[in-house]
Each structure stands twice: as C-alpha cells, then as structure tokens.
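Notes follow once the structure below has been shown.
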Amino acid sequence: AAQASNALKMSNGQLDLNGNNLSITGTGQLLSTGPLNADVISSSVFGGTNLVFTGASAKITVNNSLDIGTAAFPVGITTASGLTKFGPGELRISSATGVTGGGYNIAQGSMKLLAAGALTTTQTVTMAPGAALDINSFGTPAAPVTVGGLAGFGTVKIGTGAFAPSNTSSTTFGGSLEGSGTLVKTATTTLTLNGNSPNFSGDVQILAGTLAVSANVRPGNAARPGPLGTGTTPVQLGNTTGTLAATLSLG
4 AAQASNALKM
14 SNGQLDLNGN
24 NLSITGTGQL
34 LSTGPLNADV
44 ISSSVFGGTN
54 LVFTGASAKI
64 TVNNSLDIGT
74 AAFPVGITTA
84 SGLTKFGPGE
94 LRISSATGVT
104 GGGYNIAQGS
114 MKLLAAGALT
124 TTQTVTMAPG
134 AALDINSFGT
144 PAAPVTVGGL
154 AGFGTVKIGT
164 GAFAPSNTSS
174 TTFGGSLEGS
184 GTLVKTATTT
194 LTLNGNSPNF
204 SGDVQILAGT
214 LAVSANVRPG
224 NAARPGPLGT
234 GTTPVQLGNT
244 TGTLAATLSL
254 G
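For the sequence shown, the positions run 4 to 254 when my numbering is used.
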C-alpha cells in the first residue's frame, strides 16, 4: 500500500496501483489537471484495489477528466465522510461503493459511471445547479442503477438505461432528467420532482412508494414539459403482483 499526505496531484499522467491500495490522509484531496483523457488511476491486477480517503473529507477536483479504474479492472473509492466532486471536468468512476457516509456530492462538473454497480444503493446523490450525473446508459427496468436518494439540482443523464434514485431516503430533486430510458421508483420512500426535463422522453415506473411531481406537467410543451419530460408512454403504477403500494402525486 502507498500513502499520500493530505493531497495528490495528477497532471497528464497514469498511475497503476497494481493491486495495491493508495491512502490519502488528512484533508483528503485529489487534484487532476491533465488534458482530456490523460489522467488515469488504474490497476493491472483485478480486485482489492482501492483509493482510500482516511480523513474527515474526500474531495476530488477534475479540470478536464479523470478515470479511476475500468469496468474490467475496477479501482474502488473508499471514504466514511462522503465524496465531493469539484472542478468543471468529468470524474469517471468504476467502483465507489465504499462511500459509506455523507453520500455523493457533485458540486461542479460531472460524474460518469464506468460500471452499472459503481454507486452504492444506500447513499444519496446531491448535485448543485449545472452539475451532472451520467449513468452511461447502464441499467434496465428490471435491474436499474440504484442510489439511496437524489437531491439538489443539476442533470441526471439516463441515456437509454434505467435509474432508481430513492432506494433508502425520501428526497427532493429540482433538476432535470435526460435520455429515453426509464425512471424507476422503488422502495417505500417518497421522491419529489419539481424541475423541468425537456430532454427526457423515457418511461416512468412507480413500483413502490410515492413519486410526487409538481402540477406543472405538460408533455405537449417541448420547452417546459415539467419534471417527467416529453414522453407519451403511460406511467406504470404498481408492481406486477400488486403487493406494494405505489402512488403518483400531482401538485
């Protein structure tokens, strides 16, 4: 294992952890300043490789792009204090299921998944205005990309995949959805949507709990269709067995 005190800076470089852990202690900052597609943290050995933030915070700042692992050779991100993404660039993650407290906070730029299971299903994703979460078209309605909750603003890029954003927490999201995939509401929580999604034309499945949306739902209005976008497919209400209560609340 290797250790960096307080901060690690990358600039136009590739770091192969070769199956070892890299710990960032203290204030826990990782800075990527290299050009697009240049900065990479990888492992040539499969399994057991983690980027470990041991301090009171875990902050990753990306100016252009930073890849942490790949789908075939993932590099985990571990922190008990939440992961915060800064900078205008794109953070690409293969496995951040080691985030066990504080959730995922996208303050600037975007975070893109390199694998369907890159996020833990119990932590909330919170985004600032202008930020984005790109699930990279992963997930299906039967097995969606799942997070504990979705809060703040910003954009969720669903693509052709499926996204279930309220597995463990009741949250409010004022941002937008994009893509032609599926928004899936699972668990007994409440997900409140009050944003505007002119670039979402996908399906909506409410299998359990409550999906509450603002009364401003106008699928025929291309510019301001409301939280559920421009889709014309009926909303599925309830699971196929009818064993879980499901509610769509307007207003």
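Backbone N, C-alpha and C define an ideal beta-carbon position, used for all residues, glycine too. Every value quoted in this text rests on a predicted model; they were computed, and no experiment measured them.
At the level of alpha carbons, what is the spacing between residue i and residue j?
| i | j | result |
| --- | --- | --- |
| Ile27 | Gly162 | 34 angstroms |
| Pro201 | Ala225 | 6 angstroms |
| Ser217 | Phe176 | 11 angstroms |
| Ala145 | Ala121 | 17 angstroms |
| Ala119 | Leu194 | 21 angstroms |
| Leu117 | Pro147 | 15 angstroms |
| Thr64 | Gly198 | 27 angstroms |
| Leu186 | Pro168 | 8 angstroms |
| Ser14 | Gly90 | 14 angstroms |
| Ala249 | Thr174 | 16 angstroms |
| Thr73 | Gly51 | 13 angstroms |
| Gly16 | Ser204 | 39 angstroms |
| Thr233 | Leu20 | 45 angstroms |
| Phe141 | Lys12 | 30 angstroms |
| Thr87 | Ala211 | 30 angstroms |
| Ser98 | Ser183 | 25 angstroms |
Consult DSSP for residue i and reduce its assignment to one of helix, strand or coil.
| i | result |
| --- | --- |
| Asn202 | coil |
| Phe141 | coil |
| Gln126 | coil |
| Arg95 | strand |
| Leu34 | strand |
| Ala215 | strand |
| Phe76 | coil |
| Leu69 | strand |
| Gly254 | coil |
| Val238 | coil |
| Leu20 | coil |
Which residues in the same chain as residue i place their Cβ atom closer than 7 angstroms to its Cβ, once the five residues preceding and following it in sequence are excluded?
| i | result |
| --- | --- |
| Gln126 | Val102, Gly106, Tyr107, Val150 and Gly151 |
| Met130 | Ile109, Leu136, Gly155, Phe156, Gly157 and Gly178 |
| Gly22 | Ser46, Val48, Gly51 and Thr52 |
| Gly58 | Thr28, Gly29, Thr30 and Gly31 |
Give me, in chain order, the residues of the same chain whose beta-carbon lies closer than 6 angstroms to that of residue i; leave out the 5 immediate sequence neighbours on both sides.
| i | result |
| --- | --- |
| Gly92 | Val65, Asn66, Asn67, Ser68 and Gly112 |
| Leu39 | Asn67 and Ser68 |
| Leu18 | Ile44 |
| Val55 | Asn24, Ser26 and Thr81 |
| Gln32 | Ala10 and Lys62 |
| Leu3 | For residue 3 there is no data in the structure shown, the boundaries of the chain being 4 and 254. |
| Thr36 | Ser14 and Asn66 |
| Val159 | Leu136 and Leu180 |
| Arg221 | Pro228 and Gly229 |
**Prompt:** Which residue spans inside the stretch 136 to 183 form an unbroken alpha helix (DSSP H) run of at least 4?
**Reply:** none
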